[in-house]
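Undergrad: My structure is below; once you've seen it, I'll send some questions.
2 protein chains.
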Amino acid sequence: MRYSIRMPTNRIINVELGDRSYPIVIGRGLLGGGFDLQPYLAGSECLVVSNETVAPLYLDKVMVNVHGCSVESINLPDGEAFKTIETTASVFDKLVASKANRDTTIIALGGGVVGDIAGFAAACYMRGIAFIQVPTTLLAQVDSSVGGKTGVNHPQGKNLIGAFHQPRVVLIDTATLDTLPDRELKAGLAEVIKYGAIADVTFLGWLEQNMPALLERDPDALAYAVQRSCEIKAEVVAADEREAGRRAILNFGHTFGHAIEHCQGYGKWLHGEAVAAGMLMAAELSGVGSVELSRLRRLIRAADLPSRPPAIGAQKMLAAMGMDKKVLRKTLRFALLHRLGEATVTSEYDETLLRRILEAAD
Amino acid sequence: MRYSIRMPTNRIINVELGDRSYPIVIGRGLLGGGFDLQPYLAGSECLVVSNETVAPLYLDKVMVNVHGCSVESINLPDGEAFKTIETTASVFDKLVASKANRDTTIIALGGGVVGDIAGFAAACYMRGIAFIQVPTTLLAQVDSSVGGKTGVNHPQGKNLIGAFHQPRVVLIDTATLDTLPDRELKAGLAEVIKYGAIADVTFLGWLEQNMPALLERDPDALAYAVQRSCEIKAEVVAADEREAGRRAILNFGHTFGHAIEHCQGYGKWLHGEAVAAGMLMAAELSGVGSVELSRLRRLIRAADLPSRPPAIGAQKMLAAMGMDKKVLRKTLRFALLHRLGEATVTSEYDETLLRRILEAAD
C-alpha cells in the first residue's frame, strides 16, 4: 500500500517531452506561499484567467505565488456552455488591453473549462505564449491540465477547435479540493478510475480499498489518487503527444460519454458522470468477462457514479457518435480493454454488440 | 546570369524542418493537369478555401489537381479587413457542415489573406489537420505561403492571433501572376527586393538588371525571382522556425511598414508598398552609407514603389510601433542591415536617429 507511507514533501512528476518537458507539482498548501511560480514565467508579467466561482476563493493566493510580478486577471463565466471561441476572444481582448507581449505568461486558475480556454488563448496569442496550469477541480488535476490539449467547443461538437500547447508547469494544490462540491469530486473520480481500468490493475485494487477514504476527502488518499493518475497520463502523453495512436486509450469511455453529454445537453450530466456510464458500455463492447465487468461496475457504483446511461435511444446515440453513413464507411475507433489494466485503440469491434449495448440502454 | 538558362522542369525547393519538411514546387501551368496534389493529401477529402476574386479564375483548375477526391469549397470575402476570427469561424462552420475529420486537407487558393486564414483554420480544427498552400499573388508566393506563419488580425493589431502550422506542399503556378493587377505585382516585388537586401547582394544586382523584365511579366524572370526568394526564405525558416531569433530578419522594413499600414488604415497602402517605404527607413536607421541607401532607393523606385512614407507624424508612428512608455522600457527590436545583403536583429539602435527619420517623414 504505497499511499500509507506519508510523503513529507511535494510529489513531482515530470512529463517528458524533450524541450517541452515540464513538471507536475502536487502538494497541499502550494497556493499562496507554498510554491514560487516565478521561475516558470516567461517574463515578469502574467494574466491569470479564472472564473467567477474560483477567483473569489483562490485568486488572492495565486497573487502570492507570483509576488513581485505585474499581474492582470480576467474572470470568465463559469460552465461548459461558455467554452467557446467568443469567450476565447474576450481573453484576447484582455491580453491586448493589458499590452501583453511574447514574454507574458497566462496562468489558468480553475477547472477544465478555464484551463482549456486559457491554454488555447496562450497557444494563439502572438502564435504562442507561455502558460501555467493551476487546476482546482479533481477532473482538471488528474486529466485536462496535463498533456497540452487545449481548445473550445463548436456548436456542433466538443473540443473541435483547439491546439496542442503544453504548460510550463502544472501546480496542483490538493487543498483546493476542500471547496469542490461533492458531485464534482465524484465526477473527477471517474477519470481516476479510468486510469486504473486502462493501465494499472494494482491501482484499481487500491481504489477499491480506498474509495470510502476518497469520498471522505482524506488528504493523503486524494493526493495519491492524483499522483498515480498524473503518472499514468504523463507516461501515455510522453509516448504519443499528438495522439497519433496510443494516447487515444485515454478516451476509454469517452466516445459513449461524449454522446451522452451531447444528447442530454451539456451540463445536465457532468463529464465524469457520462464517462462513468460510458466506461461500462466500452468495457462491455471490449468483450471482457462478466467478472471483470462486474468489478468495474462495483467500483463505479462505490464512487456513487452512474453505471447506466440515461434513456436516450440507440439511434440518437449512434448519430451523436458520428455513426452516420459517412463515418460508418470509415469505421469509428474505440479505446477498448484487453482486460482490466490494459487497453488498446481499435476499429475492430463488434457492430452487432455495439447496437445491442445501445439498445439495452433505451 | 542564372535566369537566362531556361529550366525545362519545375523548380523544387525543400523547406528542411525535420518531420515537418515540405517542398515548394514552382512552375508555369502547374494548376490544372500540371501537378498531382493527391500524394500530399492526408486522405481523400479536402476543402478548398478561396475568395470571391480568385475562385472564379482558378477553382476549376485546382479541382483537376485533386481529381478523384471529394472536394468542398468555401469563398471568403476578399481583403485584409476580413482577416478576422469571425471569418475563420466561417471556415470552421464549413468544415463541420461537410463533416471534415482528421484526414481532411485544407487547400488555400489565393493571396496572403486566404492563406493566413485557411492555415489558421487548419491549425485549430481538431487541433490540427493537413493543409496545402496554392498562392496566387506574388506576395503570397514569395512570402506568406512559406514558413508556416498563419493567423488573423485583432482590431488592435495585425496577426496577433495565430499559430505556426506548416503546409505539406506549396504549389506555385507562376501563370497565376498573369491575372494579378499591376499594383499587386509591384507590391509583391517589395518583398522580393527585401530578400536581396537582407541576404543576397548578388540577387539584388540581378533585380537591378531585370526589374524592367519583371514589370513586363517576363515568365522566366518572374520564375527566377520567386525561386530565389523562396530559397532565401526556406533557409531562414529552416534555421529558426519559431522566430526565436534570426527569422526576424525577414521583418526588415516591416516594423515601419506595419505602422504605416496601421496609421493609414489597412488597405489604403498595400502591404508591399508600406514595406517598400519601411525598408528605406530601416536602412537609414541601420546607418548604412549613402551609396548603399541610394542603391536601395533606386531599386525601389525602379519597381514603381513608394520610397517615402505618407505624412503621418512622428508621434503617431511611434505610438503605432508600440513605442509607448511600456514598450520603450523593454526597447523594440529591429531588423537592420550591416550592409546590403546582410541583416541582423537588434535592439541596439540610435533612438535620436529613429526620431529624426520619423520626423523627416512628416
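So the sequence lines, in the order shown, correspond to chains R and B. Position one of the first sequence corresponds to residue 1 (the numbering used here), numbered consecutively onward. Position one of the second sequence corresponds to residue 1 (the numbering used here), numbered consecutively onward. Glycine included, each C-beta is placed from N, C-alpha and C at the ideal position.
(1) Counting C-beta neighbours from all protein chains within 10 Å, is the total for R:E273 16 or more, i.e. buried, or is it exposed?
(2) List, in order along the chain, the chain R residues whose C-beta lies closer than 7 Å to that of B:H154?
(3) Taking the alpha carbon of B:A175 as the point to measure from, which residue in B:N159, B:P135, B:W206 has its own alpha carbon closest?
(4) For B:K326, does the count of other Cβ atoms within 10 angstroms reach 16, so buried, or fall short, so exposed?
(5) In angstroms with no decimal places, state the Cα-to-Cα distance between R:A100 and R:G128.
(6) Since B:K83 and B:I117 are thought to touch, with beta carbons under 8 Å apart, how far apart are those beta carbons, to the nearest angstrom?
(7) For my contact list, B:Y22 and B:R168 are in at a C-beta cut-off of 8 Å; report their separation, rounded to the angstrom.
(8) Going by Cα to Cα distance, which pick from B:D78, B:A81, B:N51, B:D36 is closest to B:M63?
(9) Exposed or buried, what is B:E86 when buried is set at 16 or more other beta-carbons lying within 10 Å of its beta-carbon?
(10) With DSSP as the reference, please indicate the residues paired to B:T346 in a beta bridge.
(11) Please list, in chain order, the chain R residues whose beta carbon lies closer than 7 Å to that of B:A81.
(12) Please name the residue or residues paired with R:A130 in a DSSP beta bridge.
(13) Tell me, which residues are paired with R:T150 by DSSP?
(14) By the 10 Å Cβ neighbour count, where 16 or more other Cβ atoms means buried, how is R:A239 classified, buried or exposed?
(15) Beta-carbon within less than 8 Å of B:G322's beta-carbon, same chain only, minus the 5 sequence neighbours each way: which residues are those?
(16) What's the gap between the Cα of R:M211 and the Cα of R:V114?
(17) Quick one: residues in its chain with C-beta nearer than 7 Å to the C-beta of R:R355, no 5 flanking neighbours on either side, listed in chain order?
(18) Identify which residue in B:L17, B:L57, B:G33 has its Cα closest to the Cα of B:G68.
(19) Ignore the nearest five residues each way along the sequence and tell me which others in R:I347's own chain have a CB closer than 8 Å to its CB.
(20) For R:I74, collect the residues of the same chain with a Cβ closer than 8 Å to its Cβ; drop the 5 residues on either side in sequence, then sort them by chain order.
(21) Report buried or exposed for R:H338, applying the criterion of at least 16 other Cβ atoms within 10 angstroms of its Cβ.
(22) Under three-state DSSP, which class holds B:G196?
(23) So for R:G79, helix, strand or coil by DSSP?
(24) Looking only at its own chain, which residues have a Cβ that is under 6 Å from the Cβ of R:N153, when we skip the five neighbours before and after it?
(25) Report the neighbours of B:K158 on chain R: residues whose CB is nearer than 7 Å to its CB, in chain order.
(26) For R:E351, I'd like the list of residues in its chain whose CB is within less than 7 Å of its CB, leaving aside the five on either flank, ordered along the chain.
(27) Which value, in whole angstroms, describes the spacing of the CA atoms of R:S294 and R:I232?
(28) Start and end of the beta strand (DSSP E) containing B:Y58?
(29) Are there 16 or more other CB atoms within 10 angstroms of the CB of B:P309, so buried, or fewer, so exposed?
(30) Can you round the beta-carbon distance between B:G383 and B:L138 to whole angstroms, since I take them to be within the 8 Å contact cut?
(31) Just tell me which of R:A361, R:L204, R:S44 has its CA closest to the CA of R:I193.
(32) Let me know the secondary structure DSSP gives R:P39 once reduced to three states.
(33) If the criterion is Cβ atoms closer than 7 Å, does the pair R:Y40 and R:I132 meet it?
(34) Within 10 angstroms of the Cβ of B:S290, are there 16 or more other Cβ atoms? Answer buried if so, exposed if not.
(35) Would you kindly check if the distance between the Cβ of R:A234 and the Cβ of R:I375 is under 7 Å?
(36) R:I198 and R:F252: beta carbons closer than 7 Å?
TA: Inspection of the coordinates gives the following:
(1) It is buried - the Cβ of R:E273 has at least 16 other Cβ atoms within 10 Å.
(2) Ordered by position in chain R, the residues that pass the 7 Å Cβ test against B:H154 are F92, V96.
(3) Nearest option by C-alpha distance: B:P135.
(4) The predicted position of B:K326 is uncertain, since its pLDDT is 46 and thus under 50; no value can be drawn from it.
(5) Near 12 Å, if we compare the C-alpha coordinates of R:G128 and R:A100.
(6) In this structure, B:K83 and B:I117 form a Cβ contact; the two beta carbons are roughly 6 Å apart against a cut-off of 8 Å.
(7) About 6 Å separates the two Cβ atoms, so the contact holds.
(8) Ranking B:D78, B:A81, B:N51, B:D36 by CA distance to the CA of B:M63 puts B:D36 first.
(9) B:E86 should be labelled exposed.
(10) For B:T346, which the question treats as bridged, DSSP gives the partners B:F334.
(11) Going along chain R, no residue has its Cβ under 7 Å from B:A81, so there is no contact; the nearest lies around 17 Å.
(12) Looking at the DSSP assignment, R:A130 forms a beta bridge with R:T105.
(13) R:A163, per the DSSP bridge assignment.
(14) Exposed, because fewer than 16 other Cβ atoms sit within 10 Å of the Cβ of R:A239.
(15) Cβ contact annotation for B:G322 (same chain, cutoff 8 Å, sequence separation greater than five): L332, in chain order.
(16) So the two alpha carbons sit approximately 28 Å from each other.
(17) Cβ neighbours of R:R355 beyond the five flanking positions: A314.
(18) Answer by Cα proximity: B:G33.
(19) Ile is not the amino acid found at residue 347 of chain R; the sequence shown has Ser there. Excluding residues within five positions, the ones whose Cβ falls inside 8 Å are T331, L332, R333, F334.
(20) Correct list, in chain order: L47, V48, V49, S50, S90, V91, K94.
(21) Here R:H338 is exposed: its Cβ has fewer than 16 other Cβ atoms, across all protein chains shown, within 10 Å.
(22) Looking at B:G196 - three-state DSSP - the assignment turns out to be helix.
(23) R:G79 falls in the coil class under three-state DSSP.
(24) Here the set comprises K83.
(25) Neighbours of B:K158 on chain R: none; closest Cβ ~11 Å, over 7 Å.
(26) Closer than 7 Å at Cβ, skipping near neighbours: no residue.
(27) When the Cα atoms are used, R:S294 and R:I232 turn out to be separated by approximately 24 Å.
(28) No beta strand (DSSP E) holds B:Y58; the alpha helix (DSSP H) holding it covers 55-65.
(29) B:P309 is buried by the Cβ-count criterion.
(30) Since the first residue shown for chain B is 1 and the last is 362, residue 383 of chain B is missing from the structure and cannot be characterised.
(31) Nearest option by C-alpha distance: R:L204.
(32) R:P39: helix per DSSP, three-state reduction.
(33) Yes, the Cβ-Cβ distance between R:Y40 and R:I132 is below 7 Å.
(34) The residue in question, B:S290, is exposed, as its Cβ has fewer than 16 Cβ neighbours within 10 Å.
(35) For chain R, the structure presents residues 1 to 362; residue 375 of chain R sits outside this window and is missing.
(36) Against a cut-off of 7 Å, the Cβ pair of R:F252 and R:I198 comes out as a contact.
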